[in-house]
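Here the structure comes first, spelled out in structure tokens, and everything after it is commentary.
Numbering (this note's numbering), first residue to last: 33 to 220.
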């Protein structure tokens, strides 16, 4: 396994940039997706969806300019994730988790309804890239607006962000375990 460094706010060691070999990536993905004797439900999350569970689950999604918020309560091992495309729902269309304002509030409500406590929730944020080269010089591209929205809403809700991997110019493959809050990210 490659050398890794852990940040003070991270629950899992993060790889040093460029330290992963192809074999390391495959081994880590297999470890995270391991069946755990059938204990973890596997879910693929599409843009505009969210998922929360009281049973152990491993969720895979691929945010580009979209943002995925991962929430979990480490005491009762309840967690969830969303994947939203646009920051604000303005009321013109149906309220949908395609919009960050709806996706974040709905995810918080779902994990709380499953038995999580707001005071114990921990958050991780991923995505917010600028995948269109023509917009990369701007500081208000859709990816960064999506990311800022999540950071602001979580701050207002007093939910600490213990890890984030935001911005850049490439999408990411994200794997998140709802029961222990571990996450794995690979740039695409």
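Ideal Cβ placement from N, Cα and C applies to all residues, glycine included.
| query | result |
| --- | --- |
| CB of residue 107 within 9 Å of CB of residue 210, strictly | no |
| Bridge-paired residues (DSSP) for residue 102 | 113 and 156 |
| Contacts around residue 142, its chain only, beta-carbon distance under 8 Å, and the 5 residues preceding and following it disregarded | 82, 84 and 112 |
| Separation of residue 132 from residue 109, as counted between CA atoms | 24 Å |
| Three CB pairs or more closer than 8 Å across the stretch 152 to 160 and the stretch 70 to 79 | no |
| The stretch 173 to 190 touching the stretch 88 to 104, judged by at least three CB pairs closer than 8 Å | yes |
| Near the ligand MG: residue 127 beta-carbon under 8 Å from a heavy atom | Among the components modelled here there is no ligand, and therefore nothing to report on the ligand MG. |
| Proximity winner among 145, 186 and 87, relative to residue 155 (alpha-carbon distances) | 186 |
| Secondary structure of residue 35, DSSP reduced to three states | Below a pLDDT of 50, predicted positions are generally treated as unreliable, and residue 35, at 34, falls in that range; the measurement from the model is reported next regardless. Reduced to three states, the DSSP call for residue 35 is coil. |
| Under 9 Å between C-beta atoms of residue 101 and residue 182 | yes |
| 7 Å Cβ shell around residue 203 - same chain, five flanking residues per side excluded | 94, 95, 96, 161, 163 and 220 |
| DSSP beta-bridge partners of residue 75 | 91 |
| Endpoints, beta strand (DSSP E) assigned at residue 85 | 81 to 85 |
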